[in-house]
Amino acid sequence: MIAVDDRRPAPVLANQPDPAARAARIAALVSAVRQGSDEALGQIVTEFSPLLWHVARAAGLSPSDAEDVLQTVWMRLLEHLDEIRTPTALAGWLVITTRREAWRVRAAERKQIPADQESFAELPDQGPGSEEQVMIDDQRRTLWMAIRQLSPRCQELLRIVAFVPRPDYAAIAAELGMQTGSIGPTRGRCLAKLRALLAGGLEGNA
Amino acid sequence: MTRPDAGSGPSADGPFDDVDFGLLDDIQEMYQAADPMPADLPDRLRFFLSLRDLEIEVARIADEELSAAGVRGAEQSRTITFDSESLTVMIRIDANADGTVRVDGWLAPPQRREVEMKTTVDALSISSDEQGRFAFTRVPRGLAQLIVRPAEQGQDEGGPSVVTPALIL
Numbered sequence: 045m046i047a048v049d050d051r052r053p054a055p056v057l058a059n060q061p062d063p064a065a066r067a068a069r070i071a072a073l074v075s076a077v078r079q080g081s082d083e084a085l086g087q088i089v090t091e092f093s094p095l096l097w098h099v100a101r102a103a104g105l106s107p108s109d110a111e112d113v114l115q116t117v118w119m120r121l122l123e124h125l126d127e128i129r130t131p132t133a134l135a136g137w138l139v140i141t142t143r144r145e146a147w148r149v150r151a152a153e154r155k156q157i158p159a160d161q162e163s164f165a166e167l168p169d170q171g172p173g174s175e176e177q178v179m180i181d182d183q184r185r186t187l188w189m190a191i192r193q194l195s196p197r198c199q200e201l202l203r204i205v206a207f208v209p210r211p212d213y214a215a216i217a218a219e220l221g222m223q224t225g226s227i228g229p230t231r232g233r234c235l236a237k238l239r240a241l242l243a244g245g246l247e248g249n250a
Numbered sequence: 814m815t816r817p818d819a820g821s822g823p824s825a826d827g828p829f830d831d832v833d834f835g836l837l838d839d840i841q842e843m844y845q846a847a848d849p850m851p852a853d854l855p856d857r858l859r860f861f862l863s864l865r866d867l868e869i870e871v872a873r874i875a876d877e878e879l880s881a882a883g884v885r886g887a888e889q890s891r892t893i894t895f896d897s898e899s900l901t902v903m904i905r906i907d908a909n910a911d912g913t914v915r916v917d918g919w920l921a922p923p924q925r926r927e928v929e930m931k932t933t934v935d936a937l938s939i940s941s942d943e944q945g946r947f948a949f950t951r952v953p954r955g956l957a958q959l960i961v962r963p964a965e966q967g968q969d970e971g972g973p974s975v976v977t978p979a980l981i982l
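Below, the structure written as structure tokens:
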């Protein structure tokens, strides 16, 4: 139906509904933005900003600094649009630029906000909820406790990867310095460790 | 076949499997619940980007107050003051009966300028009078932003264009 010049094999991305169509759509949006379409730019901003928000917050920025960084990154994208040659390159470029800009802001401010200041443990306690809600809260708390036992770098990477659309995993994994195998991105140390923690109970495994 | 990593759990070198994808989905949900992006951020970013070609001075909100209009109970009038280096802009926002709002504004120092109200629907443009007064009688509710430009194109006697942050009317 749609011809895409994307030669990357996509076996890893089995769960994603039609990566080719997505790539074609993003390519079309990027080329419309090149021709000055504010509408296309708006669609890209709406689609990728949640990911970039979590990249910036994972880097330890305050909410208002995160917003400033997103503003800067989107401005910069417009200046560097010619460097985005494939649809999958867009997510990679955005994530890396956001991360660098976040580091720059943090270094400039020397305002370090430790990750565990976000007191997640308090969040699910919103009084008695439905049974299902209680169960979800329990699962989340277990997951959160396990994630907190990972290194700060792993916590950051997993938070980023969790928001990356699957077709973009490969590009982003490479950009973030995660190992990639011959057929695509591998699970990596962080996810393997998290799974071991969750499987083995949380105690004594840090 | 599988080579357990240090005796427990799956290998770090293995490809993603369904358990990984499920776990990543859970992680996404967790952060989504704990620390979501502000819902209006994409709209504000779009607004900001739509102004990218202007030579602008950005005004900041210096003051904001609500005053009860008395008679109609729930309806309040909202007054906001913006300061930029060259200009102070004060606006008063009142609800119209038809669901739109009326925006009355004053520029200080008083001067004739072109004033644009950018909304998500369209952009309204008028001129302020010699006393720096201007009024938009019907503005749709939602995000809006004021841009104060020189009175005539290409003439910069009145100073640079000034833009306010996006507001929710």
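For the protein sequence lines, the chains are A and B, in the order given. The opening position of the first sequence corresponds to residue 45 in this note's numbering, with each subsequent residue numbered one higher. The opening position of the second sequence corresponds to residue 814 in this note's numbering, with each subsequent residue numbered one higher. Just so it is clear, CB atoms sit at the ideal spot from N, CA and C, and this is done for glycine as well.
Nearest CB-CB separation between Pro-953(B) and chain A: not below the 9 Å threshold.
Between the alpha carbons of Leu-982(B) and Thr-901(B) lies a distance of about 19 Å.
Sequence-ordered contacts of the stretch 69-96 of chain A with chain B read Asp-82, Leu-85, Gly-86, Val-89, Thr-90, Ser-93 and Pro-94 [C-beta pairs closer than 8 Å]. If you draw a 10 Å sphere on the C-beta of Glu-111(A), you find 16 or more other C-beta atoms in it, and that means buried. Here Met-189(A) carries a helix assignment [DSSP, helix/strand/coil]. Residues of the same chain with a CB within less than 7 Å of the CB of Glu-943(B), apart from the 5 flanking positions on each side, are Pro-923 and Arg-925 in chain order. Distance from the CA of Ala-103(A) to the CA of Gly-918(B), rounded to the nearest whole angstrom, comes to 41 Å. The criterion of a C-beta distance shorter than 9 Å is satisfied by Ile-88(A) and Leu-134(A).
In the DSSP assignment, Glu-929(B) is bridged to Ser-938(B) and Ile-960(B). Three or more Cβ pairs drawn from the stretch 893-913 of chain B and the stretch 868-881 of chain B lie within less than 8 Å of each other, which places the two stretches in contact. Any Cβ of chain B closer than 9 Å to the Cβ of Thr-132(A) would place that residue at the interface, and such an atom is absent. A distance of 9 Å or more separates the beta carbons of Ala-206(A) and Asp-830(B). Within the DSSP bridge table, the entry for Leu-879(B) names Arg-891(B) as partners. Following the DSSP letters along the chain, one finds Phe-949(B) in no alpha helix (DSSP H) but inside the beta strand (DSSP E) bounded by residues 946-952. Pro-63(A) is outside the set of residues whose beta carbon lies under 9 Å from a beta carbon in chain B. Excluding five sequence positions before and after Val-928(B), the CB atoms of its chain that fall closer than 6 Å to its own CB belong to Ile-939, Ser-941, Phe-947 and Val-961, given in chain order.
Inter-residue distance for Val-952(B) and Met-119(A) is about 28 Å (C-alpha atoms, whole angstroms). Residue pairing by DSSP places Val-976(B) opposite Val-871(B) and Ile-960(B) in a beta bridge.
Counting C-beta atoms within 10 angstroms of its own C-beta, Pro-211(A) has 16 or more neighbours from the protein chains shown and is therefore classed as buried.
When 8 Å is used as the limit between beta carbons, Met-930(B) is near no residue of chain A, the shortest such separation being about 18 Å. In the three-state reduction of the DSSP assignment, Ala-921(B) falls in the strand class, which pools E and B. Spanning the alpha carbons of Val-178(A) and Val-149(A) requires a straight line of approximately 38 Å. When the five nearest sequence neighbours on each side are left out, the beta carbons in the same chain lying within less than 7 Å of the beta carbon of Arg-143(A) are those of Val-99 and Ala-103, in order along the chain. Cβ-Cβ separation between Leu-202(A) and Ile-191(A): approximately 7 Å, consistent with a contact (criterion under 8 Å). One Cα belongs to Glu-877(B), the other to Asp-856(B), and the distance between them is close to 22 Å. Contact residues of the stretch 199-218 of chain A toward chain B are Leu-202, Arg-203, Val-205, Ala-206, Phe-207, Arg-210 and Tyr-213 (C-beta to C-beta distance below 8 Å). Taking the Cβ atoms as the reference, Asp-82(A) lies roughly 33 Å from Ser-890(B), outside the contact range of under 8 Å. Comparing alpha-carbon positions, the option among Leu-920(B), Gly-912(B), Lys-931(B) and Thr-950(B) lying closest to Gly-972(B) turns out to be Leu-920(B). For Met-119(A), the uninterrupted alpha helix (DSSP H) run begins and ends at 107-123, by DSSP.
Interface annotation, Gln-958(B): not in contact with chain A, CB-CB separation never under 9 Å. Rounded to whole angstroms, the Cβ separation of Met-850(B) and Trp-188(A) is 19 Å, and the two are not in contact under 8 Å. According to DSSP, residue pairing for Thr-141(A) in a beta bridge does not occur. By the CB criterion at 9 Å, Ala-146(A) and Leu-105(A) fall inside the cutoff. Taking 9 Å as the threshold, the shortest C-beta distance from Ala-846(B) to chain A falls below it.
Apart from the 5 residues on each side of it in sequence, Ile-904(B) sits with its Cβ closer than 6 Å to the Cβ of Ile-893, Val-916 and Gly-918 in its chain, given in chain order.
Residue burial annotation: Arg-129(A) is exposed, with fewer than 16 other C-beta atoms found within 10 angstroms of its C-beta.
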